[in-house]
Amino acid sequence: MRTRKRALIEANADYSRGAKLAKTSNRDQESASVPPDSGEQNTEAPVTEAPVIEARVTDGPASEVSTIQLKYLTIYSTSINSLMAKRQYPADELAIGLWVRLSAFAHWTHSEGLQPWSMMDDGERWQDTVALIGIVILATVNALNRANLLMEHSPINDLGLVLAILGDFICDCVDLSLNTREDCWPYKIVSYAKASGIEIKGVYGIEDNFVQRFDNADEANRWKRKECVDRWGWGTKWTIFGKKYAMPRSIFNRGPRIGGNAFDIISWPADERRKYQFEDKDPLDPQNPEVRFE
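Residue numbering for the sequence shown follows my numbering, beginning at -7 and increasing consecutively.
Here it is as structure tokens:
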């Protein structure tokens, strides 16, 4: 029977079976400071393929369906938070679990450009989300560092590639961060990689556009935090984000506080869709000649 650790390791296609994980030190057994996302058991949301109905506009502006992007982002975030809240995990297993989720998110960011993100019509939420992405990356890299997996010859072979993919995404949206004290997180990513001997590569132009742009020790050291499991305050920031944007629980909402189908207009009733359409028409009406379903 495979153990949970084995399952997490095999989820990384680039993992080397010949390499061994670092032994867990006593300090890495300490409890994480991240509170669980909710009182429910096993809130971890596995990333699976689900059928997606795609609405395409044959002539005219892009469809409002673009807001479904936020749904998938919250799935990744909730999964990461749930894993960090598992206090009994040893350091290496926690780090690999976080990395598997972060690498999946990194590849997803390149599924399409930033245009659908900018169409959310909620600039403040988009800015807060960008800031949260930065903390997700730092939290994961910190976990790898504490488990002695953030190094040049790490058993995790795609460190440089995934950081390059994330760096390419960061270059397009980093200026949208709200917190000026914490907007140095791109510099910290480069600093982590440089100190560990990891070469960020695999994306065209990443050296000039990301690595050299954010290779600044003074900027990286502008935000200092004491070493611990949740060094960059993911738990606090996730809680604040949840209080600001999560759906309150009630007898009508027993699903996840963050995520769900609140932004999936395909699941809305026609009357609800008409409220947000300029001409008071259902944009997904089957009789609409501008929309076809696949």
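Glycine residues also receive a C-beta, built at the ideal position from the N, C-alpha and C atoms. For clarity, every value in this text was computed on a predicted model and none was experimentally measured.
### Query
Just checking my contact of V140 with Y184 at CB under 8 Å: how many whole Å lie between their CB atoms?
For this step, residue 140 is matched to residue 148 along the sequence shown. For this step, residue 184 is matched to residue 192 along the sequence shown. A small correction: the amino acid at residue 140 is Asn; Val does not occupy that position in the sequence shown. With a Cβ gap of about 14 Å, N140 and Y184 do not count as contacting.
### Query
Roughly how many angstroms separate the alpha carbons of A96 and I181, rounded to a whole number?
On the sequence shown, residue 96 is found 104 positions in, with the first residue counted as 1. On the sequence shown, residue 181 is found 189 positions in, with the first residue counted as 1. So the alpha carbons of these two residues sit roughly 18 Å apart.
### Residues near R266 in its chain [Cβ-Cβ closer than 8 Å; skip 5 each side]
Looking up residue 266 in the sequence shown gives position 274. Result list for R266: D272, K273 and D274, in chain order.
### Query
With contact counted as at least three CB pairs below 8 Å, one residue from each stretch, are the stretch 190 to 198 and the stretch 150 to 163 in contact?
yes
### Message
Considering just the uninterrupted stretch of the alpha helix (DSSP H) at V182, what are its terminal residues?
### Response
If you number the sequence shown from 1, residue 182 lands on position 190. W177 to S188 is the span of the alpha helix (DSSP H), which, as asked, contains V182.
### Nearest-angstrom Cα separation, counted from T101 out to I125
As a position in the sequence shown, residue 125 is number 133, starting the count at 1. As a position in the sequence shown, residue 101 is number 109, starting the count at 1. Taking the straight line joining both Cα atoms gives about 11 Å.
### Task
Taking F97 as part of the alpha helix (DSSP H), name the residues at either end of that continuous run.
Within the sequence shown, the letter at position 105 stands for residue 97. Counting along the chain, the alpha helix (DSSP H) containing F97 begins and ends at A83 to T101.
#### Entry: Under the three-state DSSP convention, the category A262 falls into
Along the sequence shown, read from residue 1 onward, the residue named residue 262 stands at position 270. Note: A262 maps to helix in three-state DSSP.
### Task
Just the C-alpha distance for T132 and A87, rounded to the nearest angstrom, thanks.
Against the sequence shown, residue 132 aligns to sequence position 140. Against the sequence shown, residue 87 aligns to sequence position 95. Approximately 7 Å, taken between the alpha carbons.
### Query
So, using beta-carbon positions, are L94 and V128 closer together than 8 Å?
Against the sequence shown, residue 94 aligns to sequence position 102. Against the sequence shown, residue 128 aligns to sequence position 136. Yes, they are a contact pair.
### Message
Given this structure, state the Cα-to-Cα distance separating K263 from F270, to the nearest angstrom.
### Response
Residue mapping note: residue 263 aligns to position 271 of the sequence shown, counting from 1. Residue mapping note: residue 270 aligns to position 278 of the sequence shown, counting from 1. Inspection of the sequence shows that residue 263 is occupied by Asp rather than by Lys. Distance between the alpha carbons of D263 and F270 is about 13 Å.
### Query
From what residue to what residue does the alpha helix (DSSP H) around W215 run?
Counting from one through the sequence shown, the residue named residue 215 turns up at place 223. Careful: W215 lies outside any alpha helix (DSSP H) and carries neither H nor E.
### Task
Determine the direct distance from the alpha carbon of P147 to that of K(-3), and round the result to whole angstroms.
By 1-based counting over the sequence shown, the position of residue -3 is 5. By 1-based counting over the sequence shown, the position of residue 147 is 155. Residue placement at K(-3) is flagged as unreliable, the pLDDT there being 38, under the threshold of 50; a coordinate-derived value is accordingly withheld.
### Task
Go ahead and pull the three-state DSSP assignment for N201.
Translated into positions along the sequence shown, residue 201 becomes position 209. Three-state DSSP puts N201 in a helix.
### Query
Could you give the distance in angstroms between the alpha-carbon of E85 and the alpha-carbon of Q279?
The residue you call residue 85 lines up with position 93 of the sequence shown. The residue you call residue 279 lines up with position 287 of the sequence shown. So the two alpha carbons sit approximately 52 Å from each other.
### Task
Kindly indicate which residue of L90, K218, P178 and I232 has the alpha-carbon position closest to the one of D210.
Counted from its first residue, the sequence shown places residue 210 at position 218. Here the closest residue by C-alpha is P178.
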